[in-house]
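Reading through the structure tokens given below for one structure.
In our numbering, the protein residues as written are 549 to 645.
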């Protein structure tokens with residue numbers, strides 16, 4: 549597997565993890581009718597993405613030629629994974645929690 553493909557799948561998995569983390573925080577903070585809860589959840593997703601950038605930059609520094617690729621690879625897939633899993637986990641927590 550090439551480093552770009554590895555980076556892609558790492559970001560997808562991190563999107564799922566960020567969705568679960570955001571759902572837990574959203575449930576603990578309050579109800580989803582408040583826009584602040586949604587903004588806080590999106591902020592958590594951004595923090596996880598930015599933190600993962602610095603970790604992945606250290607790991608893939610010598611493996612990927614263009615360092616900007618580390619930041620931009622799979623950014624859309626990260627958020628496309630985060631959103632449905634955030635909704636799924638939040639719904640599951642709300643129903644069963």
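For glycine and all other residues, C-beta sits at the position ideal for the given N, C-alpha and C. Since the structure is predicted, the reported quantities are computational estimates derived from the model, not experimental observations.
Taking a contact to require three or more Cβ pairs closer than 8 angstroms, the segment 576-586 and the segment 618-628 do not qualify as touching.
Where residue 554 is concerned, the enclosing alpha helix (DSSP H) starts and stops at 551-577. For residue 627, the enclosing alpha helix (DSSP H) has its first and last residue at 623-644. Assigned with DSSP and collapsed to three states, residue 614 falls in coil, not helix or strand.
A Cβ-Cβ separation of about 17 angstroms leaves residue 640 out of contact with residue 563 under the 8 angstroms criterion.
Here residue 616 is exposed. Its C-beta has fewer than 16 other C-beta atoms within 10 Å. For residue 588, the enclosing alpha helix (DSSP H) begins and ends at 583-607. At the C-beta level, residue 636 and residue 571 come within 9 angstroms of one another. Taking the Cα of residue 560 as reference, the smallest distance to any Cα among 645, 633, 584 is reached at 633.
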